Amino acid sequence: MKMNRDMLTKGFPKDFLWGGATAANQFEGGWNEGGKGISTTDMCLAGSRTIPKRLAKEIKEGVYYPSHNGIDFYHRYKEDIALFAEMGFKSFRMSIAWTRIYPTGEESEPNEEGLKFYDDVFDELQKYGIEPIVTISHYEYPYHLVEKFSCWKSREMIDYYMKFTETIFRRYKNKVKYWLTLNEINTVALATSGYIGAGILNGDEDEVMDMKVDPETLYQALHYMLVASAKAVTLGHEINPDFKIGSMEAYLTYYPYNCNPDDVLLAQKKDREVNLIAGDVQIRGSYPGFAYRFFEEKGYDIKMEEEDFEILKKGTVDFISISYYFSATMSTQEGLGEASGNMIVEGNVNPYLETSEWGWQSDPKGLRWTLNHIWDRYQIPIMVVENGLGATDKLEADGSVHDDYRIKYIRDHVIQMKEAIRDGVNLIAYTPWGCIDLISGSTGEMDKRYGFIYVDLDNQGNGSFDRYKKDSFYWYKKVIASNGEDL
Ligand code: BGP
Numbered sequence: 076m077k078m079n080r081d082m083l084t085k086g087f088p089k090d091f092l093w094g095g096a097t098a099a100n101q102f103e104g105g106w107n108e109g110g111k112g113i114s115t116t117d118m119c120l121a122g123s124r125t126i127p128k129r130l131a132k133e134i135k136e137g138v139y140y141p142s143h144n145g146i147d148f149y150h151r152y153k154e155d156i157a158l159f160a161e162m163g164f165k166s167f168r169m170s171i172a173w174t175r176i177y178p179t180g181e182e183s184e185p186n187e188e189g190l191k192f193y194d195d196v197f198d199e200l201q202k203y204g205i206e207p208i209v210t211i212s213h214y215e216y217p218y219h220l221v222e223k224f225s226c227w228k229s230r231e232m233i234d235y236y237m238k239f240t241e242t243i244f245r246r247y248k249n250k251v252k253y254w255l256t257l258n259e260i261n262t263v264a265l266a267t268s269g270y271i272g273a274g275i276l277n278g279d280e281d282e283v284m285d286m287k288v289d290p291e292t293l294y295q296a297l298h299y300m301l302v303a304s305a306k307a308v309t310l311g312h313e314i315n316p317d318f319k320i321g322s323m324e325a326y327l328t329y330y331p332y333n334c335n336p337d338d339v340l341l342a343q344k345k346d347r348e349v350n351l352i353a354g355d356v357q358i359r360g361s362y363p364g365f366a367y368r369f370f371e372e373k374g375y376d377i378k379m380e381e382e383d384f385e386i387l388k389k390g391t392v393d394f395i396s397i398s399y400y401f402s403a404t405m406s407t408q409e410g411l412g413e414a415s416g417n418m419i420v421e422g423n424v425n426p427y428l429e430t431s432e433w434g435w436q437s438d439p440k441g442l443r444w445t446l447n448h449i450w451d452r453y454q455i456p457i458m459v460v461e462n463g464l465g466a467t468d469k470l471e472a473d474g475s476v477h478d479d480y481r482i483k484y485i486r487d488h489v490i491q492m493k494e495a496i497r498d499g500v501n502l503i504a505y506t507p508w509g510c511i512d513l514i515s516g517s518t519g520e521m522d523k524r525y526g527f528i529y530v531d532l533d534n535q536g537n538g539s540f541d542r543y544k545k546d547s548f549y550w551y552k553k554v555i556a557s558n559g560e561d562l
């Protein structure tokens, strides 16, 4: 067979899922309404989202907890969805707050009011032909289960997760097609994420809890989460064979700082430990050889039951979804370059890249590289379900917001996604993060904004909650309308 021009992919496919992404705990609010229970993030104070404190005392003192009001999507979802529709969204990524459905995690029956809320949201989306992409759990767990057994520190958590998952799969089986099992599952392995990622507490009762959890415990938690994720995939396909169930990883792209082969190997090692262990298990159905070597060399005794291997093999995902914000560089030589200062990944400043106000180094071409890297390894459809620029915005007196920096960031990434598609990558969706301003995940504050829609709210939770269209709103609308051609 000869090559013909039809084999060339020119640009975004015609059914490409343009949209935006959110998470319940960062934007819903209504934290104690509709029978909702307390979640892990409801215990995090502003400015210290990864460090929980005991609730009762602060509540009495009126201390501000960002997830309590979020941006009030709980009451304003119709207005917000209408704005998404105006931008032309084809898809909308959101998560279901576990504690709306099972307030403590332990109830035998789900909370009808919570289920009804999501029915209403899905119906509203459907009115505009917007396809929901639902994260089953996005960085929040019932706080009761934290107190009981530190969530994913315990194998018991798998059953609780499955009960919740089965409930929502059955309830929404005709309303939701795309599901993501657990948000950024791989970040659990980063020692900064024990509480937010896995609900693991480490510290004294009345003290501020220590967010550092030892890596062995974290990789054990990751194993339980991977088993739960695989069980969810298998169950979902039984409930509705048309479900498309995906993995969700924070893709942390590592470059060697220079051409020293030791740096090259170090970057590869980081990619394996942080990205590929979780990816291989979810996509190929088993741990790669380097994972066993890594556990052995570190002396981690990861407990795996005989049945787990079968479960993992059976429950491989239909597609991959990733978040992608920046790349990082790895060096084996000390004193080479400035430390990046990014609190999520270690590494040195890359002199070829721009750095955001929060120390994240934007790398659009790195996205093309990353998509090719993933595609070459797995050959299943890919979604970019988080990407964007966290920046301080200024609301002008006339209600406008001139966020040309955000337009530039997204444009540059869209260009590189198109390049990846032309390289042959099967990319099916793009949902930039925080399409409407919401509470930042890492800072727990409002002034790190990502949205196309501005929300009048400050770091202390003061403001009218009114929504305003930023310049990027009109720009993104044009991008969607032209299917990525008019940039
Ligand atoms: C990802 C999380 C999101 C969101 C995003 C942006 O890691 O999945 O929940 O927080 O990062 O991060 P931040 O808000 O800290 O800038």
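For the sequence shown, the numbering used here gives the first residue as 76, with consecutive numbering after it.
The beta carbon of each residue, even a glycine, is placed where N, CA and C say it ideally should be.
All values reported here derive from a predicted model rather than from experimental measurement.
Have a look at the options and flag the residue whose alpha-carbon is nearest the alpha-carbon of residue i.
| i | options | result |
| --- | --- | --- |
| residue 349 | 420, 391, 316, 235 | 420 |
| residue 449 | 132, 482, 371, 498 | 498 |
| residue 175 | 516, 183, 164, 188 | 188 |
| residue 548 | 485, 495, 537 | 485 |
| residue 538 | 147, 550, 88 | 147 |
| residue 96 | 533, 528, 289 | 528 |
| residue 213 | 545, 461, 358, 290 | 461 |
| residue 254 | 339, 182, 241 | 241 |
| residue 321 | 82, 459, 518 | 459 |
| residue 140 | 160, 103, 109 | 103 |
| residue 345 | 385, 151, 383, 402 | 402 |
| residue 287 | 272, 300, 298 | 272 |
| residue 207 | 392, 293, 359, 171 | 171 |
| residue 292 | 229, 351, 342 | 229 |
| residue 409 | 332, 434, 392, 354 | 332 |
| residue 390 | 471, 308, 432 | 308 |
| residue 303 | 257, 530, 526, 489 | 257 |
| residue 544 | 469, 504, 493, 488 | 469 |
Does DSSP classify residue i as helix, strand or coil?
| i | result |
| --- | --- |
| residue 220 | helix |
| residue 281 | Its pLDDT being 49, under 50, residue 281 is placed unreliably by the model, and nothing is read from it. |
| residue 549 | helix |
| residue 449 | helix |
| residue 272 | helix |
| residue 361 | coil |
| residue 454 | coil |
| residue 83 | coil |
| residue 159 | helix |
| residue 314 | helix |
| residue 16 | In the structure displayed, the chain extends from 76 to 562; residue 16 sits before or after that span and is not available. |
| residue 230 | coil |
| residue 319 | strand |
| residue 240 | helix |
| residue 255 | strand |
| residue 93 | strand |
| residue 581 | A question about residue 581 goes unanswered here, because the residues of the chain that appear run from 76 up to 562. |
| residue 172 | coil |
| residue 77 | coil |
I'd like the list of long-range same chain contacts for residue i, defined as Cβ closer than 8 Å, with 5 residues on each side in sequence excluded.
| i | result |
| --- | --- |
| residue 198 | 250 |
| residue 579 | Residue 579 cannot be examined here, being either before or after the span of the chain that is shown, 76 to 562. |
Excluding the 5 residues preceding and the 5 following residue i in the sequence, name in chain order all residues of the same chain whose CB lies nearer than 7 Å to its CB.
| i | result |
| --- | --- |
| residue 440 | 491 |
| residue 274 | 115, 216, 220, 221, 225, 226, 227 |
| residue 550 | 482 |
| residue 532 | 146, 521, 538, 540 |
| residue 190 | 176, 246 |
| residue 318 | 252, 254, 311, 312 |
| residue 31 | Past the edges of the chain, shown from 76 to 562, lies residue 31, and the structure says nothing about it. |
| residue 144 | 104, 536 |
Who does residue i pair with in a DSSP beta bridge?
| i | result |
| --- | --- |
| residue 330 | 404 |
| residue 207 | 167 |
| residue 71 | The shown model of the chain, from 76 to 562, leaves out residue 71, and the question about it has no answer. |
| residue 98 | Answer by DSSP bridge pairing: none, since residue 98 is not bridged. |
| residue 430 | 436 |
| residue 530 | 542 |
| residue 558 | According to DSSP, residue 558 bridges with nothing at all. |
| residue 394 | 321 |
| residue 414 | 423 |
Looking only at its chain, what residues have a beta carbon closer than 6 Å to the beta carbon of residue i, apart from the 5 residues adjacent to it on each side?
| i | result |
| --- | --- |
| residue 467 | 522 |
| residue 101 | 513, 514 |
| residue 365 | 347 |
| residue 430 | 436 |
Entirely within the stretch 457-509 and at least 3 residues each: give me those beta strand (DSSP E) ranges in chain order.
You should have 457-461, 502-505.
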